[in-house]
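Peer 1: Take this structure first; my questions come after.
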Amino acid sequence: MARRPLIQKGIAELEQMFDKQKGDTEFLNTLIAELSQRSVPRARDLKRRAAEAVKNLQQRDTPTTSPPVSDPKPAASTSAAPVSSRPFERVDRPSGPSTNWPDDILTAWTAMEVLSPPSYRRPEDLAGGDKYRIAQFNRGALPWENGGERSRPNQRLYYQLILGSIDMEAAVNALLKVYTDTRDERPQARGEAVLATIMLDKNGLPVENEAVSISSFGWGVPVALSGRLRDLGQWSQVEKALIEELTKQITAEDKDGNPLPLDQRRIQLAYEWLLQKLDIPAEFAKPPAFAVRSYQYFKLQDPPEAILLNSFFLDDLATARGHVAAGSATANLKRYLQVLKPRQRRNLMKDNAALADALEPRKFPAGSWPANGRHPLALLQQCAVNLAIHDLKDDGILAVNGPPGTGKTTLLRDVIAALVTERAQVLSGFDDPEDAFIHSGEKMRMGNAFVHLYSLDKRVKGYEMIVASSNNKAVENVSAELPGIEAIASDAPGLRYFKTVSDALLQRDTWGTVAAVLGNSKNRSDFRQTFWWDDDAGFRRYLMQAAGQPQLLVEETSEGTRQRPPQIVVKEDAPEDQDEALRRWKRSRQNLQKAVRSAKAALADLQKAHDLLRAIRAKEASVSGLEAEIASRARILAELETAADNAVGLRDRQQKTVDALLGERDALIRLRPGFFSRLLGTTAYRSWQSSHKQISSRLGLEQGSLRQLAARAQETLSGLASERSNLQHLRASLAAGMEALNRDRTQYDAIARQYPGAFLSDEFFAQRHREKQISAPWLDEQTARLRNDVFEAAMALHKAFIDAAAKPIRHNLNVLLDSFGTRSLGSPEKDALIPDLWSTLFLLVPVVSTTFASVSRMFGRIPLDAFGWLLVDEAGQALPQAAVGALMRTRRAVVVGDPIQIEPVVVLPDKLTEAMCNQFSVDPLTFNAPGASVQTLSDSATEYYGTFETTFGTREVGVPLLVHRRCAEPMFSISNSIAYENLMVQAKVSRNSAIRDVLGPSRWIDIEGRGQEKWCPQEGDALLGLVQQLRERGCTPDFYIVTPFVVVQDRTRERLRSSGVLEGWVENPYQWMRDRVGTVHTVQGREAEAVFFILGAPDAQQRGARGWAGGRPNLLNVATTRAKEALYVIGNRSLWKAAGVFQALDAYLKGA
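Residues 28 to 1179 in the numbering used here are what the sequence shown lists, from first letter to last.
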């Protein structure tokens, strides 16, 4: 037996040995031999890494100009390996087949995120723009020294010490020298990344728990520069020990053992220690210069959240890797990583049967959003809603492709309405809403009282809705639009849901508290202060009143002190006590049940029509088949009748022949000679005998023929009788089929007269593309109104449920809104209830929105599959790794976006990210941004899709939305031709435009100027002239100024600022320019009356920049479709019209 010296070693021990002895070729060969005898995944992975290590050791002896890219896993020690050499040399990418193992995909994404930190340009950017929160160190004493500073009222003061920073541009430029970037226009790395932070109390003492945070970027840059890309995936193991070591560096005590506040000397020593520890090149780093003042509400005991130093996604990627390794990854994560493939793929743009199946009336949700005008959804919008609600019963991902202006938000509203309605039907099953809350036995002291923690009945969970995006504006837009009074029908005055709270939250007229903008700590704090603690509009007081505790506010007036109830109690008509709340609950249940019955009855009728259409189609086919069969059988019968006549005739003629021969024979017998003649054999007898023999022989032959002809005639006659019988049965079946068909047609016609909607018949599918797409399937105005009524009743029921369960709801929210579950509640048993606390909030506020960046912090203690729904907006703009955390925590996902708009922004060199993918055997075309996004991976995971046939091949997307309602011409046609193969259909309602009245129709202002970088002053002058015209004519400045290039953005802002044209025209010129003047990348998800598109790059030699802008349709597509009414392009027409898709812009736009 072969010797196996490592046979007793476990895989974990072998991994540790590999880390320590990966430079020992003899050991590596022994390890490979041992691992060849093992089959577990970790053994196979370690064998692969050991083999690569042997290969690298062999290559080390060969002279090369590039440092080898090794494949080690770091040991438990956190010491960062030194950078191999400076100046840094270019690293060639290794090549190899892509295996796309899920752990490798997550590790590659981790490596990218290690090098993707948040950055800041000014210190106040770390304080939400508040420069008064920045405590500079250049004035001698530190802010906490010499007596320190006073805090704000009702707030506790903390300092977040910024322990140095890294110059982003210098670090990324160093990476560029090693890895290169092939993009003509690479996103610029600007500002600085924080190296580390230390959380201090007002006295300068580090807080007790988690005082230190360290930047992954500071650790990762030297690692990447040395070519050790695989090591980047191990940041989560390295981080903890680094934090422990830095904590020791900043901790000091006096002789009595009391902790000492940080001083300048120890700050500098800690900074220098960290630079040395991480081997950060001195030219990248900047020393500590300031701290950020942070404030925490005085009732909250924990310090504020630390400034985020690292990628928002690192923690969740590490968690996902752990679950993948343990075999406990969620179904949706597996779908997203392409481990689970769709069971089938159905093309909704070519498969009418698939579309008709998805749009069966029984699949329509009972409730729908009552939008202004109460118009039902268009064909593919309704298809997407049905698929989301019907097909994602337990889990799943549905991708929706939403070109500009095709109603993505409208679609999401109907999904939300459907889920609120479903939950309302579940809630209505409780006689007493408090029965939906189960006391956990856990309680917490808050102030002078105990707060009890309740779990929720599992039936009411699973309806939580999280709207997430990488685009801050998109998140805010969705959450701000949903509660807006303009989002609902003007003839729905009864649809109000805690309007007092939502008015206070959004500071404008709303209809209800249906969504909350959360995410980052500021948003959460602002929400808490208004939603919960506000004395006049906060839910806390409302719930106390509903639970039977009268609420009165004390006010000082000119007439003295008076008491009054809070506005929320008065305006929302809070019940006086539990008994009144239960009476209201009973009425609301009855109202909902009545509304649901009416809507479901109508949908059942429409389903009957759908079923009748199928039955009619089948019966028509059957009748048609019968008619064809009868016609065919009739021809056969005629042929059989002819054949029978012929057979009978032949038989009868043959019978006559036989009868004649029999007569001849009988006559001959009578002439037979006598006995003696026969005895003597006379000549007469012999003659007679010969004649008799001839006749007998002939008779036998003819009788044989007769028998054959008779049998044939009988067979033919039998066949004729059978065919006549069959034909009779066919005619009876045809008569019965026609009767059944006519009966179905009569029923169908009756339903069609009652419900005059667009039924999905063969005639429907035979329509032209536009007519089909703009149709609202099945629903007429009255039926659509019934579904609206269900949603209104569902919202009223939610309010009544909250009234009747005020006590447990108030207890749960008291705990949740203290910290939003971001910190431990004190024990594992209490922490296990955090998802129930969140679900309680979702009962009150159905939708919570957040950026992907805040998911890990806000939902860090939420386990897998704890929430119901993830609704992703602008998914084409999101890095593929951004959605991992949100997907893990939700069971179902509706992902809406468009890969032909702005792609994810990637600052790292493209050759670096490709090298990372190759290091982990991951296909960069599939999993690496900017080509990959949350949208593209979701498109691959969904079972329903659409196709666009382009000149380069077929482009597959999720469920496509094609009805456009935003842009007038020529913006619509430009977008449609360059991005959507002219498959979008125009449905915009014509509107007036004051800007178009002043400046004229959309056009190209041709400017042939000289360039300063990519900025053309003459183009700036032309823009300023147009803007001045609008101001002089009193137009509202509802326009965007966009450009492909950052330098043009900056110069345009400066030109507008120096001109003073905005002063007195807009409220805050600085903020207006930040919001309204930018690169095309900054305006996705927004719209305005008009757009000014400043092209820049005016010099002939800037062909590369123009080629980058026009090489793909994304940028021009977004720029043009921000404009609802008019587009004004400013730039050199002769140069730009040759830049790719700008040919279409040239074709559609007139000149100035």
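Even glycine gets a Cβ: it sits at the ideal position worked out from N, Cα and C. Here the structure is a predicted model, which is why all the values come from computation and not from measurement.
Report yes or no: do the region 374 to 391 and the region 970 to 981 share at least 3 C-beta pairs separated by less than 8 Å?
Peer 2: yes
Peer 1: Can you grab the Cα-Cα spacing for the pair Leu1042 / Thr207, in whole Å?
Peer 2: As a working mapping, residue 1042 is identified with position 1015 in the sequence shown. As a working mapping, residue 207 is identified with position 180 in the sequence shown. It is Trp, not Leu, that sits at residue 1042 in the sequence shown. Each residue's Cα considered, the two are about 26 Å apart.
Peer 1: For Met10, list the residues DSSP reports as bridge partners.
Peer 2: It is not possible to answer for residue 10, since the shown part of the chain is limited to 28 through 1179.
Peer 1: Give me the Cα-Cα distance between Ile9 and Thr126, rounded to the nearest whole angstrom.
Peer 2: In the structure displayed, the chain extends from 28 to 1179; residue 9 sits before or after that span and is not available.
Peer 1: In this structure, does DSSP put Asp830 in helix, strand or coil?
Peer 2: Walking along the sequence shown from the start, residue 830 turns up at place 803. Three-state result, Asp830: helix.
Peer 1: For Arg1078, which residues of its own chain have a beta-carbon under 7 Å away from its beta-carbon, when the five flanking residues on both sides are left out?
Peer 2: Here residue 1078 refers to the residue found at position 1051 of the sequence shown. Excluding positions up to five away in sequence, the list reads Trp1042, Gly1047.
Peer 1: Pair every Cβ in the region 484 to 495 with every Cβ in the region 872 to 892, then say whether three or more of these pairs are closer than 8 Å.
Peer 2: yes
Peer 1: Report yes if the CB atom of Glu647 is closer than 8 Å to the CB atom of Leu768, and no otherwise.
Peer 2: The residue labelled residue 647 in the question sits at position 620 within the sequence shown. The residue labelled residue 768 in the question sits at position 741 within the sequence shown. Their beta carbons are under 8 Å apart, which means Glu647 touches Leu768 by this criterion.
Peer 1: Using 8 Å as the threshold, is the region 621 to 641 in touch with the region 384 to 397, meaning 3 or more CB pairs across them?
Peer 2: yes
Peer 1: What does a CB cutoff of less than 8 Å around Pro890 pick up in its chain, not counting 5 residues either side in sequence?
Peer 2: What you label residue 890 is simply residue 863 of the sequence shown in a count that begins at 1. Pro862, Arg916.
Peer 1: Between Arg888 and Gly848, how many whole angstroms is the CB-CB distance? I'm expecting something under 8 Å.
Peer 2: Residue numbering aside, residue 888 sits at position 861 when the sequence shown is read from its first letter. Residue numbering aside, residue 848 sits at position 821 when the sequence shown is read from its first letter. The pair is a contact, with the Cβ atoms about 5 Å apart (cut-off 8 Å).
Peer 1: By the three-class DSSP mapping on this structure, what secondary structure does His402 have?
Peer 2: As a working mapping, residue 402 is identified with position 375 in the sequence shown. In this structure, His402 counts as coil in the three-state DSSP scheme.
Peer 1: Just the C-alpha distance for Ser704 and Arg713, rounded to the nearest angstrom, thanks.
Peer 2: The sequence position of residue 704 within the sequence shown is 677, counting from 1. The sequence position of residue 713 within the sequence shown is 686, counting from 1. In a straight line, the C-alpha of Ser704 is about 9 Å away from that of Arg713.
Peer 1: DSSP on Arg1133, reduced to helix/strand/coil?
Peer 2: For the purposes of this step, residue 1133 is taken as the residue at position 1106 of the sequence shown. Looking at Arg1133 - three-state DSSP - the assignment turns out to be helix.
Peer 1: Is Thr433 helix, strand or coil by DSSP?
Peer 2: As a working note, residue 433 is residue 406 in the sequence shown. Thr433 falls in the coil class under three-state DSSP.
Peer 1: Short of 8 Å in beta carbon distance, which residues of its chain neighbour Ile59, apart from the five on each side in sequence? Order them along the chain.
Peer 2: For the purposes of this step, residue 59 is identified with residue 32 of the sequence shown, where counting begins at 1. Only Lys74, Ala77, Ala78, Val81 meet the Cβ criterion.
Peer 1: Which same chain residues, not among the five before or five after Thr448, have their C-beta less than 7 Å away from its C-beta?
Peer 2: Within the sequence shown, residue 448 is the residue found at index 421, counting from 1. So the list reads Pro392, Ala393, Gly394, Val817, Phe818, Ala821, once near-sequence residues are dropped.
Peer 1: Report the three-state DSSP secondary structure of Val118 (helix, strand or coil).
Peer 2: As a working mapping, residue 118 is identified with position 91 in the sequence shown. In this prediction, Val118 scores a pLDDT of 38, lower than 50, which makes its location untrustworthy; the coordinate-derived value is nonetheless stated afterwards. The answer is coil: DSSP assigns Val118 none of H, G, I, E or B.
Peer 1: Does DSSP put Ser111 in a helix, a strand or coil?
Peer 2: The sequence position of residue 111 within the sequence shown is 84, counting from 1. Caution is warranted here: a pLDDT of 32 is assigned to Ser111, below 50, making its placement in the model unreliable, and the coordinate value is therefore given only provisionally. Coil.
Peer 1: Rounded to whole angstroms, what's the CA-CA distance from Pro369 to Val933? Just pull it up for me.
Peer 2: By 1-based counting over the sequence shown, the position of residue 369 is 342. By 1-based counting over the sequence shown, the position of residue 933 is 906. Distance between the alpha carbons of Pro369 and Val933: 29 Å.
Peer 1: Is Met376 helix, strand or coil when you go by DSSP?
Peer 2: Within the sequence shown, numbered from 1, the residue matching residue 376 stands at position 349. Correct three-state label for Met376: coil.
Peer 1: Does DSSP classify Ser253 as helix, strand or coil?
Peer 2: Within the sequence shown, numbered from 1, the residue matching residue 253 stands at position 226. Here Ser253 carries a coil assignment [DSSP, helix/strand/coil].
Peer 1: Between Ser146 and Glu219, how many whole angstroms is the CB-CB distance? I'm expecting something under 8 Å.
Peer 2: Counting from 1 along the sequence shown, the entry for residue 146 is found at position 119. Counting from 1 along the sequence shown, the entry for residue 219 is found at position 192. About 6 Å; that satisfies the 8 Å criterion.
Peer 1: Using only the alpha-carbon positions, how far apart do Ala345 and Phe45 sit?
Peer 2: Walking along the sequence shown from the start, residue 345 turns up at place 318. Walking along the sequence shown from the start, residue 45 turns up at place 18. Straight-line Cα distance between these residues: approximately 22 Å.
Peer 1: Alpha carbons only, please: which of Gln946, Leu483, Arg982, Arg389 is nearest the one belonging to Trp865?
Peer 2: Locating residue 865 in the sequence shown gives position 838, counting from the first residue. When only C-alpha atoms are compared, the closest one is Leu483.
Peer 1: Considering only C-alpha positions, which residue in the set Gln408, Val453, Gly429 is nearest to Asp441?
Peer 2: Numbered from 1 along the sequence shown, position 414 holds the residue referred to as residue 441. Among Gln408, Val453, Gly429, the Cα nearest to that of Asp441 is on Gln408.
Peer 1: Return yes when the Cβ of Gly1105 is within less than 8 Å of the Cβ of Val1069, no when it is not.
Peer 2: Position 1042 of the sequence shown, counting from 1, holds the residue named residue 1069. Position 1078 of the sequence shown, counting from 1, holds the residue named residue 1105. The answer is yes: Cβ separation under 8 Å.
Peer 1: Can you tell me whether DSSP reads Thr584 as helix, strand or coil?
Peer 2: For the purposes of this step, residue 584 is taken as the residue at position 557 of the sequence shown. In the structure shown, Thr584 falls within a strand segment according to DSSP collapsed to helix, strand and coil.
Peer 1: Shortest alpha-carbon distance to His466 belongs to which of Leu871, Arg692, Tyr481, Ser846?
Peer 2: The count along the sequence shown starts at 1 and reaches residue 466 at position 439. Comparing Cα positions, the closest option is Tyr481.
Peer 1: Tell me the start and end of each unbroken alpha helix (DSSP H) in the region 791 to 824 that is at least 4 residues and wholly inside, in chain order.
Peer 2: 796 to 801
Peer 1: When burial is assigned at 16 or more other CB atoms within 10 Å of the CB, is Gly155 buried or exposed?
Peer 2: Walking along the sequence shown from the start, residue 155 turns up at place 128. So Gly155 counts as exposed.
Peer 1: Can you tell me whether Tyr490 is buried or exposed? The criterion is at least 16 other CB atoms within 10 Å of its CB, across all chains shown.
Peer 2: Numbered from its first residue, the sequence shown carries residue 490 at position 463. Answer is buried; the Cβ neighbour count reaches 16.
Peer 1: Please classify Ser93 as buried or exposed, where buried requires at least 16 other C-beta atoms within 10 Å of its C-beta.
Peer 2: As a first step, residue 93 must be located in the sequence shown, where it is residue number 66. Caution is warranted here: a pLDDT of 32 is assigned to Ser93, below 50, making its placement in the model unreliable, and no coordinate value can be reported.
Peer 1: My assumption, with CB atoms under 8 Å, is that Ala1049 sits in contact with Ile1032. Please give the rounded CB distance.
Peer 2: As a working mapping, residue 1049 is identified with position 1022 in the sequence shown. As a working mapping, residue 1032 is identified with position 1005 in the sequence shown. That pair is a contact at about 5 Å.
Peer 1: With a floor of 3 residues, list each beta strand (DSSP E) that falls wholly inside the region 1028 to 1079, ordered by position along the chain.
Peer 2: 1030 to 1033, 1066 to 1070
Peer 1: Can Gln187 and Thr134 be called in contact, C-beta distance under 8 Å?
Peer 2: In the sequence shown, the residue the question calls residue 187 occupies position 160. In the sequence shown, the residue the question calls residue 134 occupies position 107. Against a cut-off of 8 Å, the Cβ pair of Thr134 and Gln187 comes out as no contact.
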